[in-house]
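In UniProt numbering, the protein residues as written are 1 to 578.
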Amino acid sequence: MVCPLPCASLCMLSSFNIEQRRSSHISSKPISESPKTELFRKFNSPFELKQVHTLVIKTGMPISDLPLSRVASVCARTPSFPYAQQIFQQVDQPETFIWNSCLRDFAESDSPFDAILLFYQIRRYNVLPDSFTCSFVLKACVRLQYLFHGRIIHAFVEKLGLQLNLVLLNVIVHLYASCGRINDAILLFDKMPQRDVVTWNTMITQLVKMGDIDSAYKMFVQMPDRNLRSWTAMIAGFVQCGKPKEGIALFTKMEEVGLKPNEVTVVAVLAACADVGALDLGRRIHDYSDKRGFTRNIHISNTLIDMYIKCGCLKASCDVFKNMKERTIVSWSAMIQGLAIHGKAKEALELFSEMIYTGMKPNGVTFLGLLNACSHMGLINEGRSFFASMTKDYGIIPCIEHYGCMVDLLSRAGLLEEAHELIEQMPIKPNAAVWGALLGGCKVHKNIEMAEIAMRHLHELDPLNDGYYVVLSNIYSEAKKWEDAAKVRKMMRNRGLKRQLVGVQLLLAGREKLALVFGLINTPPGETIRIFKNLRVCEDCHASFKLISSIVKREIVVRDRNRFHCFKDGYCSCKDYW
DNA sequence: CTAGGGTTAG
């Protein structure tokens, strides 16, 4: 992160002459419409500003009609500050007020750095700053994660005697915490003479961002008053920290207290439902959202799509998607990924074409969905061509997850050498997921040599994960290499990994079937049965489910770690490729 | 009403 000294930022203002010369011929360029109107809106240099100013004076237009932020932004970057000051002093508003509005615009713009520049100019030319001035420039510091400037402004706040202003202190707490200085934030929090619900909410959110959900919850319990935002922040916090069950439990408590969820709460709760597969609650929230008109909110529809997908209701997610009047890349990517994990590769690819046709630009996540689709259905050539196209046609640099998908795609298809080559030549250091994908392929295609290569890396990258040892041991066992299998088990024991290799699989297999029987007894005939598990479905269960689905004439949807299996009339949506 | 806190796809 660039964090120039304040004096350095002032030095940057010396580009005045270059800018003036570069832009002086803009006005002589042929412009459609009225060139003067164009100039009035878009002037970019002090030179053009003077032209506009002249225009204002000539036409007798009130000076307050000038786009003041434009004036300020031109002058923030050049030594023409006094010129803008002159103009502002003729406007029928306090000068500080106008500079503050400009600061606010800059702080919220795409280049918040302008606010920092302008702030130092304001200081230099002795405009009297107030608490609003500080709050806007602090906001820019937060957005830019400029701790250095933030500390300067903090000191400045004290110098101005504003150290008791609660709003400012809240922003400063936010600044320190969001810049990773949680201890500074806590220090300030502890010595604040008073705190309000915003102070507490800020701490909770930032603690969650640091991954410290326990401290966040302690504060949530400890705080004197909680508003809807406090509850929402805490629910979202649980979801973000991978504790969706706790999130749902807290939501239930919130309802008991009598608070009604708003749009943001709904997004967080739906995300929790998606993670644990709480379809009933998800449907209830969907109803509620419809009643309150929340479904027009794109965030909510996007999250609904995701929730239905992860709960195994592809149809319901399609309905939400179709009913959306506007869609973002998140909507499309979620839907493509949804089709992919439900084994509808063809539909996923078609949806992608449709998306491109509407002019929506894909991003990295979109391609993850596409590669997933290809991977689950063994579409090797399509996968290769998407992987090439993402960079070539859309300028998206593949990240580790994309490589993981490609390795998965090639390995599943038995192209273990090609997968290994891809890993060897990828520009990022491969992680455990990448080598794990290769190992998975080695199991399916019974390649012991390659499995050993993958294992050497996994051993190093993720030594405490017993799952890989289990896979390797199984590969040896299947090849009847009992001694090697025993060696792996010994290795696990030496590392203190105690999982019972054979017992685990049997137990899980039993559980899946038990879940199915339970579902058959407890649901009306004909209704879809949904089973969730946190590992991969084993081959034995997969075969049984196909059979049972045709006998009882019911759909059985199983969510495993990676995807969905929809069993119907003796067939599975994965077409046995998984 | 010139300022501060909570949200989605992998």
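The C-beta atom is built at its ideal place from N, Cα and C for all residues, glycine as well.
Given the structure is predicted, the values throughout are model-derived calculations rather than measurements.
Length of the line joining the Cα atoms of residue i and residue j
i, j, result
"P112", "Q89", "25 Å"
"L228", "P261", "7 Å"
"K553", "D569", "7 Å"
"G338", "F564", "9 Å"
"G60", "P67", "16 Å"
"G414", "S289", "46 Å"
"K546", "C241", "36 Å"
"W332", "K310", "15 Å"
"H174", "Q145", "11 Å"
"H542", "T205", "42 Å"
"Y468", "F386", "29 Å"
"E401", "L164", "47 Å"
"N100", "C134", "9 Å"
"residue 600", "T232", "The chain is shown only over 1 to 578; residue 600 falls outside these bounds and no answer can be derived."
"S389", "G378", "18 Å"
"L346", "L368", "Just to set this straight, residue 346 is Lys in the shown sequence, not Leu. Approximately 15 Å, taken between the alpha carbons."
"P398", "G364", "7 Å"
"F294", "T303", "12 Å"
"I423", "E449", "16 Å"
"I453", "C442", "10 Å"
"F156", "S80", "24 Å"
"G404", "W435", "8 Å"
Residue from the options with nearest C-alpha to residue i
i, options, result
"L49", "A479, I248, M61, R70", "R70"
"Q85", "D105, F106, R104, I63", "I63"
"A340", "P362, K325, L370", "L370"
"L259", "H286, I122, C241, R226", "R226"
"P94", "V504, D130, S301, P427", "D130"
"C538", "V267, I380, V504", "V504"
"G496", "S473, K481, I475, D466", "D466"
"R296", "K310, K325, Q194", "K325"
"C318", "I336, T328, K159", "I336"
"T366", "M377, S353, V488", "S353"
"Q425", "R412, V407, A140", "V407"
"P46", "R77, V56, E478, I356", "R77"
"R195", "I213, C179, A316, M219", "M219"
"C75", "T265, K533, T54, F43", "F43"
"S477", "R327, F321, K446, P224", "K446"
"E555", "N562, Y571, R561, D540", "Y571"
"K533", "L516, S549, E527", "L516"
"I213", "P244, V488, L351, L138", "P244"
"G312", "I529, T252, D287", "I529"
"L281", "H342, I248, I428", "I248"
"Y120", "F97, S301, I153", "I153"
Opposing strand residues paired with residue i [DSSP bridges]
i, result
"H565", "V558"
"Y403", "For Y403, which the question treats as bridged, DSSP gives no partner whatsoever."
"Y571", "K568"
Per-residue DSSP class, three states only, for residue i
i, result
"F532", "strand"
"T78", "coil"
"G467", "helix"
"Y394", "coil"
"C179", "coil"
"Y146", "coil"
"residue 587", "The requested residue 587 does not occur in the structure, where the chain is confined to residues 1 to 578."
"H342", "coil"
"F43", "coil"
"D212", "coil"
"K553", "coil"
"D408", "helix"
"V91", "coil"
"V537", "coil"
"D184", "helix"
"R495", "coil"
"Y120", "helix"
"A278", "coil"
"N170", "helix"
"A259", "Ala is not the amino acid found at residue 259; the sequence shown has Leu there. Coil at L259, not helix or strand."
"Q500", "Any answer about Q500 is weak, because its pLDDT of 48 lies below 50 and its placement is not dependable; what the coordinates show is given next. Reduced to three states, the DSSP call for Q500 is coil."
"residue 580", "Residue 580 lies beyond the range of the chain shown here (1 to 578); nothing can be said about it."
- Query: Below 8 Å, can you find three or more Cβ-Cβ pairs linking the stretch 206-213 to the stretch 233-249?
  - Reply: Yes, the stretch 206-213 touches the stretch 233-249.
Taking 8 Å as the cut-off, does the stretch 189-208 touch the stretch 170-178 (at least 3 CB pairs, one atom from each stretch)? Yes, the stretch 170-178 is in contact with the stretch 189-208.
ask   = Is it a yes or a no for the stretch 263-275 touching the stretch 510-524, going by three-plus beta-carbon pairs under 8 Å?
value = no
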